[in-house]
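Mapping the sequence shown onto the working numbering, position 30 (from 1) lands on 37, and the numbers just tick up by one.
All C-beta atoms in this analysis are idealised placements derived from N, C-alpha and C, irrespective of residue type, glycine included.
Note that this is a predicted model, so its numbers are computed, not measured.
Beneath this line is the structure, given in structure tokens, with notes to follow.
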Amino acid sequence: MTKNEVIKSLTDKIEIKSVYNEIVDFLNGKTEKINNVYKRNLRYINNFEMKEFMKRDDFLESEAGKTLLKYSEYMYNNFPDELSYQFSNFPLKYKIYKFLGFSDEFVKRILKIIRKLKITIFLE
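Below, the structure is given as structure tokens:
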């Protein structure tokens, strides 16, 4: 998996062009800030190819892994609710959270979101 494939996985469902451009520019190092991120602009990340790639021991040292870590850390520090929403179905998300040292409260919030989603799906 390449850096561009990770960027595509994170952004390919963003319909608002300005939000898409901000995130892509941030991940490519063209800007240091993302201004307009809302849950409705993001999609759940549940990419099988990314899951298989993330199982490799060297994932976090690769350019693609560093791109994903950069995004995760920025979103955690600036848009934690949006990150928890976007990553609620994300494969191996806890590997990233542990590596970056995310707070216990943040991880608990994610677990609550996942539990809610599972209950909703079960009731449907």
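Counting along the chain, where does the alpha helix (DSSP H) carrying residue i start and finish?
i: Leu90; result: Pro87 to Gln93
i: Leu34; result: Lys24 to Leu34
i: Ser16; result: Lys10 to Thr18
i: Ile158; result: In the structure as shown, the chain starts at 8 and stops at 131, and residue 158 therefore has no counterpart that could be examined.
i: Leu99; result: Leu99 -> no alpha helix (DSSP H), and no H or E assigned at all.
Assign residue i to one of two classes, buried (16 or more other C-beta atoms within 10 Å of its C-beta) or exposed (fewer than that).
i: Ile18; result: The identity of residue 18 in the sequence shown is Thr, whereas the question assumes Ile. Buried: at least 16 other Cβ atoms inside 10 Å.
i: Ser16; result: buried
i: Glu29; result: buried
i: Thr74; result: buried
i: Phe97; result: buried
i: Phe109; result: buried
i: Leu90; result: buried
i: Ser25; result: exposed
Whole-angstrom Cβ separation of residue i and residue j, contact assumed at under 8 Å?
i: Glu12; j: Ala71; result: 7 Å
i: Leu34; j: Tyr78; result: 6 Å
i: Ile120; j: Tyr92; result: 7 Å
Taking 9 Å as the cut-off, decide whether the C-beta atoms of residue i and residue j are in contact.
i: Pro87; j: Phe113; result: yes
i: Leu76; j: Leu99; result: no
i: Asn85; j: Ile14; result: no
i: Met82; j: Val31; result: no
i: Ser69; j: Met8; result: yes
i: Arg67; j: Lys102; result: As written in the sequence, residue 67 is Leu, which differs from the Arg given in the question. Yes.
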